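Encoded as structure tokens, the structure appears first; notes follow it.
In our numbering, the protein residues as written are 868 to 969.
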């Protein structure tokens, strides 16, 4: 699965999601859920994560960003061995180690 990110300089760089396979990632959604885990596989339909954490922002006091930064510093709080996240609910994906903490 290839994505072409918008470039302010008009560049035409492509980003291959396969580069994130095997890495700890954050899948963000428009709603209160975020998914953290090791990206196992990417399909047209979505993303397979291993040793994953499903976090509902409504179940705590931390914002999404605070929770992600804590996971980066302290590790992912695994609550699922393996999960599938449908692509249509994901608005962004990034490597956990690319997150800039506050």
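Just so you know, even glycine gets a beta-carbon here, dropped at the ideal spot from N, CA and C.
Please read all numbers here as calculations on a predicted model, not as lab measurements.
Residue j beta carbon less than 8 Å from that of residue i
i, j, result
"residue 893", "residue 906", "no"
"residue 895", "residue 952", "no"
"residue 891", "residue 943", "yes"
"residue 919", "residue 945", "yes"
"residue 901", "residue 931", "yes"
"residue 917", "residue 898", "no"
"residue 886", "residue 954", "no"
"residue 929", "residue 937", "yes"
Three-state secondary structure assigned by DSSP to residue i
i, result
"residue 869", "With a pLDDT of only 42 at residue 869, under 50, the local geometry of the prediction cannot be trusted, and no value is derived from it."
"residue 912", "coil"
"residue 901", "strand"
"residue 883", "strand"
"residue 889", "coil"
CB-CB length for residue i against residue j, believed under 8 Å
i, j, result
"residue 922", "residue 915", "That pair is no contact at about 18 Å."
Strand pairing of residue i, partner residues [DSSP]
i, result
"residue 919", "947"
"residue 960", "894"
"residue 952", "914"
"residue 906", "916"
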